[in-house]
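First to last, the protein sequences are chains X and G.
Sequential numbering of the first sequence, starting at 0, is according to numbering that gives the first Met the number 0.
Sequential numbering of the second sequence, starting at 0, is according to numbering that gives the first Met the number 0.
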Amino acid sequence: MHPILKLVVQRIALGLALLLAVSLVIFLGTEALPGDTAQAILGQSATPEALANLREKLGLNLPAHERYLNWLWAALHGDLGVALTNGVDIAQSIGQRLGNTLFLASCAAVISVPLAIGLGLVAARYNGRWPDKLISGITLTTISLPEFVAAYFVIYLLTQVFPLFQPVAMVFPGMGFWEKLQAVALPVIVLVMVVLAHMMRMTRAAILNVMQSAYIETAELKGLSPMQVIWRHALPNSIAPILSVVILNLAYLVVGVVVVEVVFSYNALGQYLVDHVTKRDLPVVQAVGLIFAGVYIALNILADVISIVANPRLRHPK
Amino acid sequence: MNAELDYLLKRATRGVMSRREFVGRASALGVSAAMANTMLASAARAQEPVKGGVLRAGVAGGESTNSLDPALAASDVPFMINRTWGETLVDVDANGAVEMRVAEEVSSNADATEWKFKIRAGVEYHGGGTVTAEDVVATLKRHTDEKSQSGALGIVQGISEMSFEGDMVTLKLAAGNADLPFLMADYHLVIQPGGGVANPADGNGTGAYKVVSNEPGVRAVFERFANYWDSSRGHADSVEVLSINDNTARTAAIQSGQVHLISRVDPKIVELLKGNTDIAIERAAGPGHYVFIMHCDKAPFDNNDLRMALKMAVNRQEMVDKILGGFGSPGNDFPINSAYPMFDSSIPQREYDAAAAAEFYKKSGHDGSPIVLQVAPGAFPGAVDAANLFAASANAAGIPLQIKLEPDDGYWSNVWNVAPFCASYWGGRPVQDQMYTTAYLSTADWNDTKFKDAKFDELLVAARGELDVAKRTAMYSEMANILRDTGGLICPMFNDWVEGRRAEVGGWVADPQGTLMNGTALSKCWLTA
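This is how it looks when you write it as structure tokens:
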């Protein structure tokens with residue numbers, strides 16, 4: 000078997016084992032929350048009989064390990080069950096919201112990744128001079144703002160001072176592509192502001208690191224322009240660290256944007272998860288938690304594989 | 000008419016400019032005050048409902064765990080959604096009187112133990128068929144079933160027997176209750192076909208709008224129901240409820256015109272919005288109130304002199320000004336205000352009196368150890384600030400009041416109804432009997448002040464069966480005084496509903512009974528532009 004293929008298979012098997020462990024941790028975590036699901040659903044007005052009825056209906060009186068195995072068995076068969084709180088089919092709600100999450104993440108990624116790498120190249124080219132300082136200054140400012148502050152700032156600027164966009168970014172089935180883009184414009188701007196600096200700084204640092212090498216000096220002595228040197232010789236050799244940071248940020252765009260979702264009332268997975276955690280709605284928490292963990296693990300495997308493929312030393316181990 | 004006058008007139012009729020301001024500005028243009036008033040009156044008459052358009056409301060308090068089942072509604076968004084597609088037997092109108100909806104007549108026997116509701120003919124469900132007396136009984140029965148998990152369980156439990164004959168529903172009560180029609184206005188008791196037993200969450204009701212789509216915690220879309228029975232409601236072609244929990248986003252949404260109405264405007268930003276000519280701030284003095292509650296059965300609060308000392312040590316007006324931004328009124332240590340029928344306005348307003356507080360405190364013989372008030376930010380908006388104001392004014396009177404900050408998570412299960420002295424809130428009820436029965440009767444589950452007074456209980460039960468309004472008013476007045484002078488409730492303020500309306504929305508009426516015209520804003524308002 001080709002060593003790379005073997006590595007990919009190994010990583011995927013490890014990832015699946017990790018997912019199983021994560022599902023157990025999520026289960027134990029929700030078990031550890033004070034109060035049970037029946038109490039959380041019925042609230043303060045609950046009578047003991049109503050609580051007992053509901054517990055029985057939801058299967059909460061079974062021992063914990065039995066409930067976990069039941070859930071796991073159903074999940075392996077593609078049945079995520081229904082939400083305990085409102086009886087809505089989980090797979091269906093998640094399907095739509097996952098689509099919204101991925102839509103927002105891809106819009107933000109399509110803008111932020113090329114922009115960050117481009118700015119990183121420019122910053123490296125003009126290292127220590129004003130373009131570098133300007134780019135670093137601006138991106139470090141935007142990453143230093145807490146997300147909700149950045150969001151409020153953008154709302155104020157682009158809906159009140161210059162009324163270009165709408166502050167509430169909900170998207171619905173049946174909306175056209177452009178309509179959707181218009182709706183998510185503000186959260187995308189905020190997310191780009193948040194993830195830009197990390198990727199830009201990494202690109203700049205990786206390139207500057209390579210620029211110390213002897214072969215770069217040779218390239219310069221050949222008479223190549225500084226941008227050509229960076230593009231042809233520095234960038235390909237610093238692609239691995241850049242990509243791993245890019246992928247970490249992509250994972251963040253999928254799983255970590257609940258604050259931005261809340262501020263813009265964007266109907267994606269993060270808000271859905273938080274609502275159900277407060278109601279101790281275990282099947283939903285399990286399902287969404289697994290999706291988030293799956294995305295994170297898959298992207299990390301991808302980062303590993305790409306960095307190995309991109310690096311001849313790792314590709315041909317002695 | 001010149002253009003500027005025309006412009007002013009439009010603004011005045013839309014409610015963005017006050018009548019007084021209009022007359023003043025018009026006189027600057029050379030129009031006499033009498034003339035200006037006449038113009039305003041005729042322009043207001045021209046404010047006939049306009050049909051058409053899409054009317055949108057941005058409402059706080061929605062979660063993706065919400066359901067269309069009326070029994071389960073607890074927060075503002077499901078309340079608003081259910082009130083838009085469904086109807087109850089009766090409503091409580093903006094003046095606190097019973098308004099007939101699905102029922103067209105209500106009557107009772109002499110001791111208020113048997114009530115008859117005549118069901119209106121030809122009230123159609125969106126899914127076809129008309130409301131029958133059988134549906135009404137089935138609906139009420141569903142809410143009395145513990146399994147339905149209904150929020151109205153406590154309300155319908157007092158009904159001992161339900162029956163129907165033709166278009167007449169008869170409800171027999173275990174004990175007389177003159178307020179039964181008010182209880183039937185509870186927003187959970189939406190009339191559903193077959194009582195909603197088969198499909199409680201299908202959103203099939205008799206309201207002015209039918210549900211087109213509903214994404215819990217995000218948005219509900221409705222279209223006008225062509226066969227709706229009441230022509231005074233249902234003006235816009237379609238209406239939407241958007242769940243916008245973030246204060247800033249909600250405010251920005253009305254400013255940018257993405258929605259036409261919003262709930263819960265933060266009092267702190269009202270001044271900033273006043274400069275915006277497109278938006279009117281609407282307020283209604285409701286029954287909701289913020290409270291500090293003492294357990295009357297636990298030391299040191301089992302001493303009425305100490306309770307009185309703390310009551311005298313609250314600067315109520317300061318709290319109304321600073322915590323509510325002026326959008327409220329001072330409380331008087333009983334949970335009733337002018338939003339309730341049979342309120343006795345002659346009971347003197349309790350004021351901050353450091354000397355009297357110090358005297359009561361001395362008389363109580365308290366040992367001087369700290370009196371601890373437990374509070375969390377989520378107890379009510381501004382709770383921690385209010386507790387600090389309370390501590391400052393109490394300390395000035397020599398009372399060693401201290402604040403203990405608690406986390407929001409678990410506050411309602413670990414602190415409220417458990418700790419002897421904490422901050423809380425009540426949303427109020429449509430009638431006094433219901434408010435007192437819920438929280439001040441000796442045996443009430445939610446008696447969060449552990450207040451037990453035999454005379455008070457006796458009056459409460461007697462008033463419930465009393466149909467003579469004058470006698471009943473006197474009883475409620477006596478109860479209010481008992482609670483005010485011996486209860487464990489410190490009620491510093493009643494909070495107003497503060498809501499936003501864009502100028503192009505017509506038909507708004509201040510309604511103290513609930514948020515956004517008691518949930519009827521989308522059904523009753525219209526778009527003029």
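Idealized CB from N, CA, C, for every residue including glycine.
Just so we're clear, the structure is a prediction, and the values are computed from it rather than from any experiment.
Would you mind telling me which residues of chain X sit closer than 9 angstroms to Asp407 (chain G), beta carbon to beta carbon, in chain order?
None at all; the shortest Cβ gap to chain X is about 11 angstroms.
Collapsed DSSP secondary structure at Ile300 (chain X) in the structure displayed
helix
Listed from N- to C-terminal order along the chain, which residues in the region 145–160 of chain X have their beta-carbon within a distance smaller than 7 angstroms of any beta-carbon of chain G?
Tyr151, Ile154, Thr158 and Gln159
At the level of alpha carbons, what is the spacing between Leu526 (chain G) and Gly256 (chain G)?
12 angstroms
One question on the structure: do Ser262 (chain G) and Thr514 (chain G) come within less than 7 angstroms of each other, judged by their Cβ atoms?
yes
Taking Cβ to Cβ, would you say Phe450 (chain G) is nearer than 7 angstroms to Tyr435 (chain G)?
no
What in chain X is Cβ-close to Gln257 (chain G), meaning under 8 angstroms?
Gln165, Pro166 and Val167
List the residues of chain G whose Cβ lies closer than 7 angstroms to the Cβ of Lys278 (chain X), in chain order.
Thr64
Could you pull out every unbroken alpha helix (DSSP H) segment of at least 4 residues lying fully inside the region 354–432 of chain G, listed in chain order?
382–395 and 410–413
Nearest neighbour of Val211 (chain G), chosen from G:Gly126, G:Lys50, G:Thr247 and G:Val504 [CA to CA]:
G:Gly126
Using CA atoms only, rank isn't needed, just tell me which of G:His288, G:Ser368 and G:Lys209 is closest to Leu488 (chain G).
G:His288
Which residues, taken in chain order from the region 241–255 of chain G, show a beta carbon closer than 9 angstroms to some beta carbon of chain X?
Leu241, Ser242, Ile243, Asn244, Asp245, Thr247, Ala248, Arg249, Thr250, Ala251, Ala252, Gln254 and Ser255
What do you get for Ile3 (chain X), buried or exposed, if any count of 16 or more other CB atoms within 10 angstroms of its CB means buried?
exposed
Please decide whether Arg218 (chain G) counts as near chain X, where near means a Cβ-Cβ distance under 7 angstroms.
yes
Between the Cα of Ile305 (chain X) and those of X:Gln270, X:Leu242, X:Ile296 and X:Val257, spot the shortest distance and give me the residue it belongs to.
X:Leu242
For Val529 (chain G), the nearest candidate out of G:Lys140, G:Glu164, G:Ala461 and G:Gly165 (CA to CA):
This structure does not reach residue 529 (chain G), given that chain G is present from 0 up to 528, and the question cannot be answered.
State yes or no: is the C-beta of Ala267 (chain X) within less than 7 angstroms of the C-beta of Thr29 (chain X)?
no
Could you check if Trp84 (chain G) is buried or exposed, using at least 16 other CB atoms within 10 Å of its CB as the buried criterion?
buried
Return the first residue and the last residue of the alpha helix (DSSP H) that Ala248 (chain G) is part of.
Asn246 to Gln254
Cβ of Lys449 (chain G) within 7 angstroms of any chain X Cβ
no
Hey, could you find the ends of the beta strand (DSSP E) Val94 (chain G) is sitting in?
Just to set this straight, residue 94 (chain G) is Asn in the shown sequence, not Val. Taken as a continuous stretch (DSSP letters only), Asn94 (chain G) belongs to no beta strand (DSSP E), as it is neither H nor E.
Quick one: does Val262 (chain X) have its CB under 7 angstroms from some CB of chain G?
yes
Cβ neighbour criterion (16 or more within 10 Å) applied to Pro162 (chain X)
exposed
Is Asp92 (chain G) near Ala283 (chain G), with beta carbons less than 7 angstroms apart?
no
Taking the straight line between their C-alpha atoms, what separation do you get for Lys5 (chain X) and Val196 (chain G)?
58 angstroms
Do Ala111 (chain G) and Gly377 (chain G) have their C-beta atoms closer together than 7 angstroms?
no
Specify the secondary structure class of Asn213 (chain G) as computed by DSSP and reduced to three states.
strand
When you compare the CB of Tyr67 (chain X) with every CB in chain G, is at least one pair closer than 7 angstroms?
no
What is the C-beta distance between Ser66 (chain G) and Ala200 (chain G), in whole angstroms, given that I count them as a contact (C-beta under 8 angstroms)?
5 angstroms
Return helix, strand or coil for Pro130 (chain X), following the three-state DSSP convention.
helix
Looking at the C-beta of Lys146 (chain G), does it have a partner C-beta in chain X at a distance below 7 angstroms?
yes
Could you tell me which of X:Val262, X:Leu50, X:Leu97 and X:Met192 sits nearest to Glu145 (chain G), measuring between CA atoms?
X:Leu50
List, in chain order, every chain X residue whose beta-carbon is nearer than 7 angstroms to that of Glu498 (chain G).
Chain X residues near Glu498 (chain G): none, gap ~17 angstroms exceeds 7 angstroms.
Looking at Asp280 (chain X) and Leu71 (chain X), is the spacing between their C-beta atoms short of 7 angstroms?
no
Continuous beta strand (DSSP E) stretch holding Trp496 (chain G): start and end
Leu488 to Arg501
Between Pro419 (chain G) and His294 (chain G), what straight-line distance do the alpha-carbon atoms span, to the nearest angstrom?
5 angstroms
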